[in-house]
Amino acid sequence: MNRQVQGTNAPSLFRNRFLQTILLSSVLLQIGIWVRNFAILLYVAETTNNDPYAISLISVAEFAPIFVFSFIGGTFADRWRPKRTMIWCDVLSAVSVFAVLLTIHYGSWHSVYLVAFISAILSQFSQPSSMRLFKYHVAEEQLQQGMALFQSLMAIFMVLGPMLGTFVYSTFGLEISIAVMGIVFLLSALVLVRLPEDQMQTQTAEAKGQFRKEFVEGFRYVWQSQVLRMLGLAFILAGLSVGVAQALNLFIVTEQLGRSKEFLQYLLMVNGAAMLIGGGIVATFAKKVPPQILLAIGMVAGAVCTAIVGYSTSVPVTLTVQFLNGLVFPCIHIGISTMILKWSEASIVGRVNGVLNPMFVGMMVISMSFAGALKDTFSLSTIYSGAGFLFLIGALAMIPIMNHKAPEKLPQVAQEV
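Positions in the sequence shown are counted from 1; adding 56 to them yields our numbering.
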C-alpha cells in the first residue's frame with residue numbers, strides 16, 4: 057500500500073479528515089470505557105467487600121484476551137479493509153454489551169467480567185486497523201505530533217473519566233452504566249463511516265490461504281529489527297511493572313493513604329491533568345527528540361515515581377508524585393507508538409503491533425494475576441519498589457538503540473492484498 061500523504065504536501069494536522077474522525081470516535085469510546093471501568097470496579101468492590109482477588113480479576117478479564125487475540129487480530133488487520141473492520145468491531149462490541157447486560161439483569165453479577173472480556177477481544181482487531189490507517193493517512197513528519205494528540209485525549213479522560221464514571225455509577229447504578237457503553241460504541245461506529253474509503257485491492261483466493269505465512273512473517277519482521285527487538289524487551293518489563301501497580305492502586309488509597317476507595321478517582325484525575333500538560337509539552341518538541349529517548353525518559357521517571365508511591369503515606373506527597381509521573385508519562389506512549397510506525401512497513405503495521413502488544417499485555421496480565429498473592433506476602437512498599445526497578449531495567453534496554461534513526465526505506469514484506 058502506498059501512502060497517500062507525502063511529507064511535502066502534508067496538510068495541517070487538524071485539517072486531516074482521518075484524524076478528525078478518529079479523534080471523535082476515540083472521545084466516544086473513552087466515555088464508554090471510563091464509565092464501564094469505574095462501574096465494574098466500584099460494583100465489585102462493594103459486592104465482595106474489597107476482596108483483592110476479585111478486584112484484580114477485573115484487570116485480568118480486560119487484558120487477558122489481548123494477549124491471546126492480539127497476534128491474530130494484527131494479522132487480520134493487515135488483510136482486511138481497516139475502515140470496515142473498525143466499524144464492525146464497534147457494532148459487535150455494542151451488541152455484546154447489550155447481550156451481557158441482559159445476563160446481568162437476569163443472572164449472576166459475575167457477568168460484569170464479560171463486558172470487559174468481550175470488548176478486549178474485539179479491540180484487538182480494531183486497534184491495529186486504526187494504526188494502519190494512521191500510517192497511511194498521516195505524513196511521516198507528523199506521526200509523532202499525531203501520537204501526542206492521542207496522548208492528550210487520553211489525558212483529558214484521565215481527568216474527566218473518573219469523575220464521569222463515578223457519577224454515572226453512583227447516580228444510575230451498574231446496568232445504566234453498562235448501557236452507556238453500548239450506546240457510545242454504536243455512535244462511534246456511525247462516526248467511523250466518515251473515514252476515507254479504504255484504498256486496498258481485493259484479496260485473491262490464494263492470498264486468503266496464506267494466514268499462517270503472514271502470521272509468522274510478523275514475528276520474523278520484529279526479530280530482524282534491533283529497534284523492534286529492544287522495544288519488545290521494554291514492553292515485557294513495563295508490562296510486569298504496570299500490571300502489579302495498576303491492580304493494587306486501590307490499596308494504595310485505602311491502606312497507605314487511609315482514604316475511601318472513591319478517593320482513587322482523585323489520584324487518577326491529578327495524573328491525567330499532568331498527562332494533558334505533558335502531552336502538550338511533548339508535542340511542541342516531538343520532531344526534535346528521537347522516540348527511543350522519549351521512551352527512556354518516561355520509563356526512568358516511571359521507575360522513580362512508582363517506588364515513591366509505594367512508600368508514601370502522605371496524601372500531598374502521593375498526589376505530587378502522581379502529577380510528576382503523569383507529566384512525563386506521555387513520553388512512553390508517544391515514543392512507543394512512533395517507533396512502531398517509523399520502523400514498520402505500512403503493510404505489516406498490524407502484525408508488528410500484534411506481536412509487540414501482547415508482550416506488554418501478557419506480562420501485565422501475569423503480574424495482575426499474582427498481585428493479590430504478592431500483597432498477601434509482601435508490603436505495598438516492597439511491591440512498588442520492585443515494579444519501579446523493572447521500569448528502570450526497561451529504560452536501560454533503550455541504550456543500545458539510542459542513536460538509531462528510522463530508515464528511509466523500510467524492509468519490504470509480501471505484497472499486500
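In this text, a Cβ means the ideal position worked out from N, Cα and C, and glycines have one as well.
For V338 against A204, the beta-carbon gap comes to about 5 Å, under 8 Å, which counts as contact.
Non-local C-beta neighbours of H460 in its own chain, meaning closer than 6 Å and more than five positions away in sequence, comprise V283, ordered along the chain.
Per DSSP, the unbroken alpha helix (DSSP H) holding Q76 starts and ends at 73-104.
DSSP, reduced to helix, strand and coil, places S208 within a helical segment of the structure shown.
In this structure, the alpha-carbon of L230 lies about 19 Å from that of L216.
As the crow flies, the alpha-carbon of V384 is around 35 Å from that of T104. Listed in chain order, the non-local C-beta contacts of L412 below 6 Å within the same chain comprise G288, F291, local neighbours out to five positions each way being set aside. Judged by beta-carbon spacing, L84 lies within the 8 Å limit of V240, meaning their Cβ atoms are closer than that value. Fewer than three Cβ pairs drawn from the region 450-459 and the region 361-378 lie within less than 8 Å of each other, which leaves the two stretches out of contact.
Each residue's CA atom was taken as its position, placing G335 and V326 some 14 Å apart. L397 places its beta carbon less than 8 Å from that of K191. The shortest CA-to-CA distance from F206 to any of H389, G444, M419, V408 is the one to H389. By the criterion of a C-beta distance shorter than 7 Å, N409 is surrounded in its chain by G130, P184, M187, I396, once the five residues flanking it on both sides are discounted. Going by DSSP, K139 is part of the alpha helix (DSSP H) stretching over 138-162. Under the three-state reduction of DSSP output, D134 falls in the helix class. D146 and A195 have their alpha carbons spaced roughly 26 Å apart. A residue is called buried once 16 or more other Cβ atoms fall within 10 Å of its Cβ, and Q198 is buried on that count. Non-local C-beta neighbours of G221 in its own chain, meaning closer than 7 Å and more than five positions away in sequence, comprise W90, V91, N93, F94, A95, ordered along the chain. For the pair of segments examined, the region 418-437 was found to touch the region 119-129: the number of CB pairs separated by less than 8 Å reaches three. Here the alpha carbons of F434 and L242 stand approximately 44 Å from one another. In the DSSP assignment, M458 falls outside any alpha helix (DSSP H) and carries neither an H nor an E. Going by C-alpha positions, S316 is about 15 Å away from P218. 8 Å or more divides the Cβ of V309 from the Cβ of L430. The criterion of a C-beta distance shorter than 8 Å is satisfied by F74 and L251. As the crow flies, the alpha-carbon of L306 is around 21 Å from that of G88. For A176, the enclosing alpha helix (DSSP H) starts and ends at 168-193. For Y277 against L98, the beta-carbon gap comes to about 42 Å, at or over 8 Å, which does not count as contact.
Per DSSP, I390 is one residue of the alpha helix (DSSP H) stretching across 386-398.
DSSP places I439 in the uninterrupted alpha helix (DSSP H) bounded by 436-452. DSSP places K269 within a helical segment (H, G or I) once states are collapsed to three. Taking all protein chains shown into account, L157 has 16 or more neighbouring C-beta atoms within 10 Å of its C-beta and is therefore buried. Exclusion of the five residues before and after G295 leaves F416, M419, M420 as the residues of its chain whose Cβ lies within less than 6 Å of its Cβ.
Looking at G391, N106, F447, G366, the one whose alpha-carbon comes closest to that of E318 is N106. Secondary structure note for R285: its alpha helix (DSSP H) is the uninterrupted segment 282-303. Per DSSP, reduced to three states, the secondary structure at G238 is helical.
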